[in-house]
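A.B. asks:
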Amino acid sequence: MDKRKVGMFVILNVLFLIMLAVYVYAVAPVITLSTTATTPGNNTIIAGTRFISLTTDTAANVTYTIMNFTGGNVTTNLTNSSATGHNFTWVTTNGSYPYGVYNITIRATNQTDTSEYTTIANVTVDNLAPNVTTTNPSSSANLSGSINITANITDNSPFRSVLYSIMNKTNGELLANLSATQSGNVWSTLWVTLNNATFPDGVYNISINATDTVNNSNYSASTIGSLTIDNTAPVIKPLTPAQSSNITAGTNTINVTVTDATTAVVSVTFFVFNSSGNLTQTLSTTSNGSNYTASWNTSNTTLYVDGVYNISVNASDTLNNIRYNTSVIRVSVDNTMPSATFLTPAASANISGNATINVTITDVTTQVNVVTFRIVNSAGAIVYNATPSQGGNNYSFTWATANGTYADGTYNISVVSNDTVGNSNTTIRTVTVDNTAPVAPTPVRPANTANLSGSVNVSVTVTDATSGVSTVQFGIVNSSGATAGTWLNASRAGDAWSATWTTTSFADGTYNVSVNITDSAGNLRSNTSVMTAVVVDNTAPAITGQLATASTTALSLTVTWNASELVNGTLRYGTSSSGLPNSSGVTTFRNNHTVTITGLEDTTLYYYNITGCDNAGNCNTSGPFNATTNHVADRGSGSGTSSATSSSATTVTISTLNTVGATVARTFTTVNEKVTLANLPGTLGTHSVTYKSADESTKTVTVEVASTPKTLQISLGGSEKVDLNDDNTYDLLVTLTSFVTATNFQLKFEVLDSTQLVTPVVASAETTSSAASTEESKDVTAPAPEEKKTGTSPTGGAATTAEGASGGLGGGTWAIILIIVLLAGWFGWKKLGRKK
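Numbering (this note's numbering), first residue to last: 5 to 840.
1) Between the Cα of Ile108 and the Cα atoms of Ile153, Ser459 and Leu58, which residue gives the shortest distance?
2) Can you check whether the CB of Thr202 is closer than 8 Å to the CB of Ala180?
3) Could you tell me which of Gly573, Thr654 and Ala404 sits nearest to Asp618, measuring between CA atoms?
4) Might you give, ordered along the chain, the residues of its own chain that have their beta carbon closer than 7 Å to the beta carbon of Thr602, omitting 5 neighbours on each side?
5) Could you please give the first and the last residue of the uninterrupted beta strand (DSSP E) stretch that includes Val368?
6) Go to Tyr208, then tell me how far its beta strand (DSSP E) extends in each direction, as first and last residue.
7) Please look up how many angstroms separate the CB atoms of Thr745 and Glu700, rounded, as I've assumed it's under 8 Å.
8) Can you give the beta carbon distance from Tyr734 to Val762, rounded, assuming they're within the 8 Å contact cut?
9) Three or more C-beta pairs closer than 8 Å, one from the segment 282 to 289 and one from the segment 297 to 311: is that the case here?
10) State the start and end residues of the unbroken beta strand (DSSP E) segment that holds Trp300.
11) At a cut of 8 Å, does the segment 214 to 233 reach the segment 116 to 136 through at least three beta carbon pairs?
12) Out of Asn339, Ile210, Phe55 and Asp730, state which residue places its alpha-carbon closest to the alpha-carbon of Thr302.
13) What first and last residue would you give for the beta strand (DSSP E) that runs through Asn65?
14) For Asn527 and Ser356, what's the separation of their Cα atoms in angstroms?
15) In whole angstroms, what is the alpha-carbon distance linking Tyr208 and Ile258?
16) Less than 8 Å separating the beta-carbons of Ala319 and Val272?
17) State whether the segment 421 to 440 contacts the segment 364 to 371, with contact taken as three or more CB pairs (one from each stretch) at a distance under 8 Å.
18) Restricting to Cα atoms, I'd like to know which of Thr436, Ile361, Gly621 and Ile417 is closest to Thr543.
19) Taking Ala503 as the reference, give the member of Phe478, Phe510 and Ala511 with the closest Cα.
20) On a Cα-Cα basis, can you pick out the residue from Val317, Pro713, Asn324 and Leu737 that is closest to Gly721?
21) Buried or exposed: which applies to Ile124, given that a residue is buried once 16 or more other Cβ atoms fall within 10 Å of its Cβ?
22) Looking only at its own chain, which residues have a Cβ that is under 6 Å from the Cβ of Thr193, when we skip the five neighbours before and after it?
23) Mind checking which residues open and close the beta strand (DSSP E) that includes Leu323?
24) So, at 6 Å on beta carbons, what are the nonlocal neighbours of Tyr308 in its own chain, with the 5 sequence-adjacent residues on each side left out?
25) Using 10 angstroms around the beta-carbon of Asp523, count the other beta-carbons present and answer buried if the total reaches 16, otherwise exposed.
26) I believe Pro442 touches Val466 by the beta-carbon criterion, under 8 Å. Please report the beta-carbon distance rounded to the nearest angstrom.
27) Smallest Cα separation from Thr266: which of Thr557, Thr532 and Asn324?
28) Taking 6 Å as the limit between beta carbons, can you name the residues of its chain near Asn416, skipping five residues before and five after?
29) Starting from the C-beta of Thr348, find all residues in its chain whose C-beta is less than 6 Å away, skip the five residues before and the five after it, and write them out in chain order.
30) Identify whether Asn542 lies in helix, strand or coil by the three-state DSSP scheme.
31) When the Cα atoms are used, what is the spatial distance from Ala666 to Lys752?
32) With a threshold of 8 Å on Cβ separation, who are the neighbours of Gly801 within its own chain once the five nearest residues in sequence on each side are excluded?
33) DSSP puts Arg670 in a beta bridge; with which residues?
34) Quick check: what's the CA-CA separation for Thr42 versus Phe55?
35) Please report the Cβ distance between Ala546 and Phe510, rounded to the nearest whole angstrom; I am assuming they are in contact, meaning their Cβ atoms lie under 8 Å.
36) In angstroms with no decimal places, state the Cα-to-Cα distance between Ala344 and Thr430.
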């Protein structure tokens, strides 16, 4: 090995060791601070006693210097051993370290007096508790519901927590710690006491525990004391009116007691609600201790109609705990009296015997309480008080009117009813007591022993002194004493009562009439005989004799006849069988009758019948029969027939056609017989009609109206109209109403009104005489055609003639023809002239 290399290696190692030794003694110690929580760090806040722990890498002396950051004064200069592990206890609460910021300088010096420094900077020492000022609630406050607890809390250091501690004041028990929330310096929490079993009504204290981040705490130093919690509404107890009671109009007192166990009652109000739940009235109260009253006036029946009302009470205590709308009293307001309705007797009734008084009484709101019946006479004296029996709403009693206590007359039945609140009603019904039967009737018709037939009016007069007659019935009693048929119900006209007795339902014979009479009170007068021995006769008499053979003269007619019983007789007559307008008058009652009719027209056919009526009014009529009066020439002959010849014509004047519509019939018996129609109406004057001829085979007659003259030919049943004064209206209608022979027929004359115009007969066109054609240039007008006339030929036959021109061309037509002929001639002349 190279020694120089070995030597160099040794030298180098020695130098290294020397240099290492020099380094070890020349380098300062290394300080390492503990990381435990007791050793403050930079920019930390501390309080109380803190332990500062550190180590050095070599043995060293360690010096701790604590300096106030703001003042720069050395507060503490401590040196400990030279060991490598170093601890320092810093008691900040000994008064040497007020609140402030401090720096801690640590120096470690080794054996070569080499030092190392380290600093814990900005350490804040804070041994002050937070400052607390309470704001809500205040001590001794009364509280309810949810309470907001607030306080102003300040501290030099940040807060760790703020707690509100709720404690029972009585036993000191901690009931809750409520965490607060921060808003600036205000710390608040919500204390919910309502419906919370943890906090019943009572007295509480609140302590505030405010702790900062270095555990400085203000606990129990700030207490809100004697807080009263009251979450219970006052207690209400009703006194008057009683529950479900009934009240009436007037002033009523509402009274309740209201108490509160914790605080005090401050207000009580009454509210009245109707049955629909609508508020009717609000009532203020007055208090006397725990009693609260109000006056309630229900007299306003518009506001307080009958019905059910609820009285509610609002009661509030100091903390405004409200007992709200508590329905404590339910009452019925009844301002209406009971209603009474009579069932029997009827109003103004007539009663007798034992009468039942029956009344329905109701009260719609409360109840009927007391009912009394009273009987009051016409003098106003109460003659009977009765307590009725009750069945539901019906109240009744039996009034014995016939016991001798009550004279016939008028009475009032008073019903007095009261309901449970004292509303009273008196209802009166007026009646008439009548225990006396009607008086005996007075017969009116028919008379005793009267003869009756057909429907007969039976009548009596009946009166009743008190209640009046109600019904009357007639009984028809036959000769055996039995009532025949049913009783007849009579109708009333004043005191007269009558019924119709249809006797045709009863056999002819003798009867008595009895009557039953009932008054309005039911008193009966029965089987009183009012008519005796009346005779029912519904059989007509028989008419016999020579009825169809009448004895006649020219102006009279005599008929003789017999009857099967005593009858009066009437003979009716006229010139037409369809109507017999004339009467002979009535003869007296007898069996044999002779009646003569005078003042008749001669040679006239008359019709007649005969009627006979017995004493009961039964009548029998025979006929009609007919007879013709004699001719005037034969007047007084007594013969039953007459004849006419052409040699003995007569003239008869008739003056009864003096009005429009008047008619008269005349029988003609002789040719050339004339009838003069005198006194015709208006200006018609007098006209005559003459019989000219007759044809029995055709039953046709021909007459002449001489004033025009005009000839009329009329068949049986036919008519002809005549214009008597040529005024183009018909005035007379002539009708052949009957035709027996040529010497026995009848004409009827009737005066017409002036509205029936005559219709002219236009003649047929014929060629006129040749003389008319010669008048070429003359305007000719044909004469108006005349009425076609019917006459009698000299031989007695009918002939028809036409007077005047019956046809031909008119004048105008001939003029036209003439002009045509002249023109034709002129043209012919001109033509001949040209040829020449």
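Beta carbons are placed, not taken as given, at the ideal position from N, Cα and C, and that holds for glycine.
Remember, it's a predicted structure, so these values are computed and weren't measured experimentally.
C.D. replies: In this structure, then:
1) Leu58
2) yes
3) Gly573
4) Leu559 and Ser560.
5) Neither: Val368 is in no beta strand (DSSP E) and is coded neither H nor E.
6) Gly206 to Asp216
7) About 6 Å separates the two Cβ atoms, so the contact holds.
8) 6 Å
9) yes
10) Asn295 to Asn301
11) yes
12) It is Asn339 whose Cα lies nearest to the Cα of Thr302.
13) Asn65 to Asn72
14) When only Cα atoms are considered, Asn527 and Ser356 end up about 8 Å apart.
15) 38 Å
16) Closer than 8 Å, so yes.
17) yes
18) Gly621
19) Phe478
20) When the alpha-carbon of Gly721 is set against those of Val317, Pro713, Asn324 and Leu737, the nearest one is in Leu737.
21) Under this definition Ile124 is a buried residue.
22) Ile153, Tyr168, Leu182 and Ala184
23) Here Leu323 belongs to no beta strand (DSSP E), and DSSP marks it neither H nor E.
24) So the list reads Thr302 and Val337, once near-sequence residues are dropped.
25) buried
26) 6 Å
27) Asn324
28) Val380, Ile432 and Thr434
29) Thr360 and Asn362
30) Of the three classes helix, strand and coil, the one that applies to Asn542 here is coil, per DSSP.
31) 10 Å
32) Confidence at Gly801 is low in this model, with a pLDDT of 37, below 50, so its placement is unreliable and no value can be given for it.
33) Leu751
34) 5 Å
35) About 22 Å separates the two Cβ atoms, so there is no contact after all.
36) 8 Å
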